[in-house]
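Below you'll find the structure, written out as structure tokens, and then a few comments.
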Amino acid sequence: MTIFSVQSTIFTRASVAILSSNGLKRFSFASSFSSNALYSSPLPKTKKRRFPIVSAVDIGGVTIARNDVVRDDDPTNNVPDSIFSKLGMQLHRRDKHPIGILKNAIYDYFDSNYAKQFEKFEDLSPIVTTKQVKCSPPSKACIFLSPISVSNFPFVWCQNFDDVLVPADHVSRSLNDTYYVDPQTVLRCHTSAHQAELLREGHRRFLVTGDVYRRDSIDSTHYPVFHQMEGFCVFSPEDWNESGKDSTLYAAEDLKKCLEGLARHLFGGVEMRWVDTYFPFTEPSFELEIYFKEDWLEVLGCGVTEQRILKQSGLENNVAWAFGLGLERLAMVLFDIPDIRLFWSDDERFTSQFKKGELGVKFKPFSKYPPCYKDISFWISESFTENNFCEVVRGIAGDLVEEVKLIDSFTNKKGMTSHCYRIVFRSMERSLTDEEVNDLQSKVRDEVQRKLNVELR
Ligand code: PHE
Numbered sequence: 001m002t003i004f005s006v007q008s009t010i011f012t013r014a015s016v017a018i019l020s021s022n023g024l025k026r027f028s029f030a031s032s033f034s035s036n037a038l039y040s041s042p043l044p045k046t047k048k049r050r051f052p053i054v055s056a057v058d059i060g061g062v063t064i065a066r067n068d069v070v071r072d073d074d075p076t077n078n079v080p081d082s083i084f085s086k087l088g089m090q091l092h093r094r095d096k097h098p099i100g101i102l103k104n105a106i107y108d109y110f111d112s113n114y115a116k117q118f119e120k121f122e123d124l125s126p127i128v129t130t131k132q133v134k135c136s137p138p139s140k141a142c143i144f145l146s147p148i149s150v151s152n153f154p155f156v157w158c159q160n161f162d163d164v165l166v167p168a169d170h171v172s173r174s175l176n177d178t179y180y181v182d183p184q185t186v187l188r189c190h191t192s193a194h195q196a197e198l199l200r201e202g203h204r205r206f207l208v209t210g211d212v213y214r215r216d217s218i219d220s221t222h223y224p225v226f227h228q229m230e231g232f233c234v235f236s237p238e239d240w241n242e243s244g245k246d247s248t249l250y251a252a253e254d255l256k257k258c259l260e261g262l263a264r265h266l267f268g269g270v271e272m273r274w275v276d277t278y279f280p281f282t283e284p285s286f287e288l289e290i291y292f293k294e295d296w297l298e299v300l301g302c303g304v305t306e307q308r309i310l311k312q313s314g315l316e317n318n319v320a321w322a323f324g325l326g327l328e329r330l331a332m333v334l335f336d337i338p339d340i341r342l343f344w345s346d347d348e349r350f351t352s353q354f355k356k357g358e359l360g361v362k363f364k365p366f367s368k369y370p371p372c373y374k375d376i377s378f379w380i381s382e383s384f385t386e387n388n389f390c391e392v393v394r395g396i397a398g399d400l401v402e403e404v405k406l407i408d409s410f411t412n413k414k415g416m417t418s419h420c421y422r423i424v425f426r427s428m429e430r431s432l433t434d435e436e437v438n439d440l441q442s443k444v445r446d447e448v449q450r451k452l453n454v455e456l457r
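Given below as structure tokens:
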């Protein structure tokens, strides 16, 4: 798999999945580098837990308690501590971090080409609603940072899915793909979650940048938290009337021109191509690919906004375009960053290489420590999913796990299916000892059996 075909868009998948209730519950791991952590319990004396549990985080000045997000009392909840500790870290707001540098470069493009007409939002809470609820906030954790939703209280918007017309049976709604706080509250899986609420509040041209959360596989280009930027632009009849074009064509052409300009601004004179695709919230929909290092790289999803979304906000006579791009993917290419885990590293040998305003400084790997491979085989049950397995591994090994690969699968005469996975352990900062890796692997074996209802072989 190339780094270019991952983690930018999910909604192109037209396939559907029946919602299952086999999501994982909780894990006892939290990252050590959560600068946003307000209260951490002291390092445990036992060897069992490698990191302190974060008991509250700060999201743009609002304190969110762990117990409101990692919940024992709700069977739907599948947010582990490792994910909770990332809330509010907002890498996109760090000017010297590759993600922040890239965001600022995109801002520069919009500011200079659109005379600062695009408003910028980068502090909207990642804890969002799935459905419309006409009562008090569905979850205590569902605190709206912007006055937008608060002003509409108790009418809470249905940000992540319903607002942007994601079908009821779409795969992205499943517990396997999305982190649920409770049935009505999720960690946003895309910045499109904010489109409709911003429109309702009267914004017409805006960029929304934020951390997004998706349960996924593990390799050098997949991480359960990454960053997206959403762009949205509404037009009025006078805009397209002058051009003599039909409104949809006018918006589609304007969108393509804008994004081709952005790609040139970031990458210089590159070859690009447009690919038709599907999103529930746009029609027509496109992906932009650029030719980079002998491969076509999908950099963003976009399209002309579905009229229903505009109508919901009283914009009957308008047309609009929207785009969503994955910042990690672009930054990996622009800065030559080989592993997505590095974005979360607070190792000075990484952080000191980047400077505010300097786009495209090439990252010099400080060293490559040896990998350690461990295999695990088990008979799977009907409810088994690879995302659930990966989350168990990450819950134990954290950023010491580089990749999880299915290396063998077979079904015996009794109809039982066996999977063998290879886990690659490798730290980006030091050599791992045999003892440490054996210990991690033994915990993985225990947890997999305990949580995933599988039979080890
Ligand atoms: N939200 C889409 C995704 O994450 C990207 C997108 C945004 C597509 C806006 C079209 C318009 O997959």
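If you use UniProt numbering, the sequence shown corresponds to residues 1 to 457, in order. Positions of the beta carbon are idealized from the N, C-alpha and C atoms, including for glycine.
Quick one, are the C-beta atoms of residue i and residue j less than 7 Å apart?
| i | j | result |
| --- | --- | --- |
| V171 | T178 | no |
| Y223 | I340 | yes |
| G261 | P284 | no |
| residue 515 | T209 | The structure shown has nothing for residue 515, since the chain only spans 1 to 457. |
| L456 | F378 | yes |
| G324 | G301 | yes |
| T248 | T282 | no |
| L207 | K120 | yes |
| V79 | V69 | yes |
| I337 | V454 | no |
| F354 | P98 | yes |
| A397 | L440 | yes |
| E429 | D347 | yes |
| D408 | C420 | yes |
| L310 | A320 | yes |
| R205 | Q307 | no |
| N67 | T385 | no |
| P280 | L165 | yes |
| K96 | K356 | yes |
| T76 | D182 | yes |
| E328 | F226 | yes |
| G360 | L334 | yes |
| P126 | D219 | no |
| Q195 | T129 | no |
| S313 | R200 | yes |
| S82 | G395 | yes |
| E287 | V275 | yes |
| N404 | N318 | Checking the sequence, you will find Val at residue 404 rather than Asn. No, the Cβ-Cβ distance between V404 and N318 is not below 7 Å. |
With DSSP as the reference, identify every bridge partner of residue i, one or two as the case may be.
| i | result |
| --- | --- |
| S62 | In the sequence as displayed, the identity of residue 62 is Val instead of Ser. For V62, which the question treats as bridged, DSSP gives the partners I59. |
| H409 | As written in the sequence, residue 409 is Ser, which differs from the His given in the question. Paired residue(s): H419. |
| L187 | I127 |
| R273 | E289 |
| V181 | Answer is none; V181 lacks a bridge partner. |
| L456 | F378 |
| V404 | I423 |
| F384 | According to DSSP, F384 bridges with nothing at all. |
| T282 | F279, T305 |
| F110 | Its beta-bridge partners do not exist; DSSP assigns none. |
| E119 | F206 |
For residue i and chain C, any beta-carbon pair shorter than 7 Å?
| i | result |
| --- | --- |
| A263 | Structure shown: chain C not included; a single protein chain is present. |
**Request:** May I have a chain-ordered list of the beta strand (DSSP E) segments no shorter than 3 residues that lie completely inside the segment 295–377?
**Result:** 295–305, 319–326
**Contiguous alpha helix (DSSP H) assignments of at least 4 residues, all confined to the segment 197–270** = Counting only runs of at least 4 residues, the segment 197–270 fully encloses the following alpha helix (DSSP H) elements, listed from N- to C-terminal order: 237–243, 247–267.
**Item:** the segment 212–223 / the segment 390–398 touching (three or more Cβ pairs under 8 Å)
**Value:** yes
**Prompt:** Are three or more beta carbon pairs between the segment 414–427 and the segment 239–258 nearer than 8 Å?
**Reply:** no
**Message:** For the structure I just gave you, are there three or more beta carbon pairs, one from the segment 180–196 and one from the segment 229–249, closer than 8 Å?
**Reply:** Result yes; three or more Cβ-Cβ pairs closer than 8 Å.
**Runs of alpha helix (DSSP H) lying entirely within the segment 427–453, each at least 4 residues, in chain order** = The segment 427–453 contains these whole alpha helix (DSSP H) runs: 434–452.
**Item:** Cβ pair count under 8 Å reaching 3, the segment 55–66 against the segment 74–89
**Value:** yes
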